[in-house]
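K.L.:
Have a look at this one before I ask anything.
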Ligand SMILES: Cc1cc2nc3c(=O)[nH]c(=O)nc-3n(C[C@H](O)[C@H](O)[C@H](O)COP(=O)(O)OP(=O)(O)OC[C@H]3O[C@@H](n4cnc5c(N)ncnc54)[C@H](O)[C@@H]3O)c2cc1C
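In the numbering used here, the protein residues as written are 59 to 440.
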């Protein structure tokens with residue numbers, strides 16, 4: 059191979075790729091990040107203003123160490139960027155005591171000795187007065203260390219800090235093909251050129267299968283909606299103190315997620331149901347218009363669970379969940395071929411972990427042992 063353009067090319071500068079670029083640059087690795095859009099754009103999975111950070115991860119017990127490490131790295135990134143990227147608001151997971159949200163969170167917290175409070179139904183009613191329809195079989199787990207990450211700002215900050223450390227960012231550049239060659243990889247771009255590198259990190263989010271079809275991903279279309287209180291005089295009653303960042307499992311098994319008024323007088327709310335309610339979309343598809351058919355299932359549930367809001371959203375956007383079959387991320391080298399590292403398959407819960415994922419990528423590149431368990435995310439597990 060001719061002399062490389064970089065030691066590492068990172069394809070995709072959403073939050074995973076941006077954090078990887080930052081961590082690579084911080085480790086002194088000569089890295090180039092490439093994105094088809096401009097970091098902080100609204101077409102992938104990393105937009106929508108805010109993301110919930112929590113360490114009591116019900117999604118997999120081994121995610122807790124990754125979340126803890128990521129929390130430290132978010133602070134480091136904020137310091138390096140000179141920007142407030144994380145707001146420690148506390149966060150709450152609500153639902154039937156035996157349901158997967160509450161029971162899963164309690165199990166993760168106990169296993170790792172996390173600082174959480176478990177509230178019974180009466181305490182939930184008392185502490186979360188805007189949440190209605192709390193039955194005696196409900197409970198909540200309050201994590202004081204949880205909070206909100208500023209989503210687009212965090213992506214932009216990671217790229218900016220990486221560039222400040224010597225990385226390069228090529229935006230408006232679409233990668234068409236990855237070719238593994240002797241001694242490294244060729245990253246072909248839509249303008250007909252190719253970047254040569256010792257290794258390539260593919261952090262292409264919902265576009266991952268277009269470059270690596272062997273990774274099994276199903277892309278779900280997820281509407282995000284913002285609502286105002288029905289009576290504008292009520293705005294103060296729907297702040298973060300009364301409606302802290304939350305995930306609430308309802309008795310029908312769906313989950314409402316979001317948080318109270320944070321900026322602009324709006325609550326941000328959405329509905330999760332990895333089955334019937336969310337449909338699949340292609341990442342380049344134009345299925346991005348949010349209509350009443352999208353928000354009606356959420357609004358019906360809010361009428362019972364969080365009443366008093368205007369039933370028509372003040373704003374909406376479409377985001378994507380690239381889902382793996384086991385809903386865990388994809389992190390590592392397929393076939394243990396170290397020329398290629400995949401960081402993706404976020405399955406709708408990856409933002410909080412992105413800085414830790416970036417660090418693991420940098421460790422894999424340097425041949426250093428990752429500081430947290432990663433085997434459960436290996437790309438060859440299928
Ligand atoms: C509505 C919603 C709410 C969420 N809430 C939370 C939450 O509260 N907490 C949490 O932890 N997680 C949450 N998540 C999940 C989290 O946002 C994602 O895990 C994370 O954003 C994934 O980032 P990514 O970098 O993998 O993907 P993306 O942000 O989509 O980045 C992929 C990038 O690759 C680029 N790209 C792709 N293909 C190419 C190509 N061929 N050439 C060049 N560039 C390319 C794209 O342009 C894009 O910029 C939520 C997700 C959604 C959709």
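Idealized CB from N, CA, C, for every residue including glycine.
Can you tell which of 414, 391, 111, 183 has the C-alpha that lies nearest to the C-alpha of residue 148?
P.N.:
As a first step, residue 148 must be located in the chain shown, where it is residue number 90. Ranking 414, 391, 111, 183 by Cα distance to residue 148 puts 111 first.
K.L.:
Quick check on the DSSP output: the alpha helix (DSSP H) that includes residue 121 runs from which residue to which?
P.N.:
In the chain shown, the residue the question calls residue 121 occupies position 63. Segment 121–139, the alpha helix (DSSP H) holding residue 121.
K.L.:
Please state whether DSSP places residue 158 in a helix, a strand or coil.
P.N.:
Within the chain shown, residue 158 is the residue found at index 100, counting from 1. Correct three-state label for residue 158: helix.
K.L.:
Using the three-state DSSP reduction, which class does residue 234 fall into: helix, strand or coil?
P.N.:
Within the chain shown, numbered from 1, the residue matching residue 234 stands at position 176. Three-state result, residue 234: strand.
K.L.:
When you compare only the Cα positions, how much space is there between residue 315 and residue 76?
P.N.:
What you label residue 315 is simply residue 257 of the chain shown in a count that begins at 1. What you label residue 76 is simply residue 18 of the chain shown in a count that begins at 1. Answer to the nearest angstrom: the Cα atoms are 25 angstroms apart.
K.L.:
For a test of your reading of the model: does the CB of residue 406 fall under 6 angstroms from any non-hydrogen atom of ligand 1? Yes or no.
P.N.:
Position 348 of the chain shown, counted from the start, is the residue given in the question as residue 406. Indeed, a heavy atom of ligand 1 lies less than 6 angstroms from the Cβ.
K.L.:
What are the boundary residues of the beta strand (DSSP E) that includes residue 400?
P.N.:
As a working mapping, residue 400 is identified with position 342 in the chain shown. From DSSP, the beta strand (DSSP E) with residue 400 extends over 398–402.
K.L.:
Cα-Cα, which of 212, 210, 177 is closest to residue 195?
P.N.:
As a position in the chain shown, residue 195 is number 137, starting the count at 1. Among 212, 210, 177, the Cα nearest to that of residue 195 is on 177.
K.L.:
May I have the straight-line CA-CA distance separating residue 191 from residue 164, to the nearest angstrom?
P.N.:
If you number the chain shown from 1, residue 191 lands on position 133. If you number the chain shown from 1, residue 164 lands on position 106. Going from the Cα of residue 191 to the Cα of residue 164 covers about 22 angstroms.
K.L.:
Pull up the DSSP beta-bridge partners for residue 326, would you.
P.N.:
Here the question's residue 326 lines up with position 268 in the chain shown. Answer is 284, 317, bridged to residue 326.
K.L.:
Taking Cβ to Cβ, would you say residue 114 is nearer than 7 angstroms to residue 186?
P.N.:
Looking up residue 114 in the chain shown gives position 56. Looking up residue 186 in the chain shown gives position 128. No.
K.L.:
So, is residue 238 buried or exposed, given that buried needs 16 or more other C-beta atoms within 10 angstroms?
P.N.:
Indexing the chain shown from 1 puts residue 238 at position 180. The residue in question, residue 238, is exposed, as its Cβ has fewer than 16 Cβ neighbours within 10 Å.
K.L.:
Taking Cβ to Cβ, would you say residue 132 is nearer than 7 angstroms to residue 219?
P.N.:
In the chain shown, residue 132 corresponds to position 74, counting from 1. In the chain shown, residue 219 corresponds to position 161, counting from 1. It is not a contact, given that the beta carbons lie outside the stated cut-off.
K.L.:
For residue 286, I'd like the list of residues in its chain whose CB is within less than 8 angstroms of its CB, leaving aside the five on either flank, ordered along the chain.
P.N.:
Within the chain shown, residue 286 is the residue found at index 228, counting from 1. Correct list, in chain order: 293, 323, 324, 325, 367, 368, 372.
K.L.:
Quick check on residue 416: does DSSP put it in helix, strand or coil?
P.N.:
Here residue 416 refers to the residue found at position 358 when the chain shown is read from its first residue. Residue 416: helix per DSSP, three-state reduction.
K.L.:
On the DSSP bridge assignment, give the partners of residue 296 in chain order.
P.N.:
Working through the chain shown from its first residue, we reach residue 296 at position 238. Partner(s): none; residue 296 has no beta bridge.
K.L.:
Report the partner residues of residue 108 according to the DSSP bridge assignment.
P.N.:
Taking the first residue of the chain shown as position 1, residue 108 is located at position 50. Residue 108 pairs with 208.
K.L.:
Mind checking residue 386: buried by the 16 CB within 10 Å criterion, or exposed?
P.N.:
As a position in the chain shown, residue 386 is number 328, starting the count at 1. Buried.
K.L.:
Does the Cβ of residue 137 have 16 or more other Cβ atoms within 10 Å, making it buried, or fewer, making it exposed?
P.N.:
Translated into positions along the chain shown, residue 137 becomes position 79. That one is exposed.
K.L.:
Does at least one heavy atom of ligand 2 sit under 6 angstroms from the Cβ of residue 326?
P.N.:
Because ligand 2 does not appear in the structure shown, any question about it cannot be addressed here, the ligands present being ligand 1.
K.L.:
In angstroms with no decimal places, state the Cα-to-Cα distance between residue 254 and residue 105.
P.N.:
Counted from its first residue, the chain shown places residue 254 at position 196. Counted from its first residue, the chain shown places residue 105 at position 47. Approximately 30 angstroms between the Cα atoms of the pair.
K.L.:
Judging by CA-CA distance, which residue of 301, 405, 309 is the nearest neighbour of residue 383?
P.N.:
Mapped onto the chain shown, residue 383 falls at position 325. Cα-wise, what sits closest to residue 383 is 405.
K.L.:
Starting from residue 256 and walking both ways along the beta strand (DSSP E), at which residues does that stretch end?
P.N.:
By 1-based counting over the chain shown, the position of residue 256 is 198. Run containing residue 256: 252–260, per the beta strand (DSSP E) assignment.
K.L.:
So which of 433, 216, 234 has the shortest CA-CA distance to residue 413?
P.N.:
Translated into the one-based positions of the chain shown, residue 413 becomes position 355. Of the candidates 433, 216, 234, the one whose C-alpha sits nearest the C-alpha of residue 413 is 216.
K.L.:
Can you list, in chain order, the residues of its chain with a C-beta nearer than 7 angstroms to that of residue 388? Leave out the 5 residues immediately preceding and following it.
P.N.:
Taking the chain shown and counting its residues from 1, the one referred to as residue 388 is at position 330. 273, 382, 400, 402, 403, 435, 437.
K.L.:
DSSP three-state label for residue 118, please.
P.N.:
Within the chain shown, numbered from 1, the residue matching residue 118 stands at position 60. Residue 118 falls in the coil class under three-state DSSP.
K.L.:
Would residue 318 and residue 343 qualify as a contact pair, given that the criterion is a beta-carbon distance under 7 angstroms?
P.N.:
Position 260 of the chain shown, counting from 1, holds the residue named residue 318. Position 285 of the chain shown, counting from 1, holds the residue named residue 343. No; because the gap between Cβ atoms is not below 7 angstroms, this pair is not in contact.
K.L.:
According to DSSP, what are the bridge partners of residue 198?
P.N.:
Within the chain shown, numbered from 1, the residue matching residue 198 stands at position 140. For residue 198, which the question treats as bridged, DSSP gives the partners 152, 177.
K.L.:
As a quick exercise: from 302, 408, 394, pick the residue whose alpha carbon is nearest that of residue 433.
P.N.:
Taking the chain shown and counting its residues from 1, one reaches residue 433 at position 375. Taking only the C-alpha atoms, the option nearest residue 433 is 394.
K.L.:
How long is the line joining the alpha carbons of residue 201 and residue 354, rounded to whole angstroms?
P.N.:
Here residue 201 corresponds to residue number 143 of the chain shown, with the count starting at 1. Here residue 354 corresponds to residue number 296 of the chain shown, with the count starting at 1. Approximately 30 angstroms between the Cα atoms of the pair.
K.L.:
Got a sec: does ligand 1 put a non-hydrogen atom nearer than 6 angstroms to the Cβ of residue 232?
P.N.:
Position 174 of the chain shown, counted from the start, is the residue given in the question as residue 232. Checking the Cβ of residue 232 against ligand 1 gives yes.
K.L.:
Pull the bridge partners of residue 65 from the DSSP assignment, please.
P.N.:
Working through the chain shown from its first residue, we reach residue 65 at position 7. None, per the DSSP bridge assignment.
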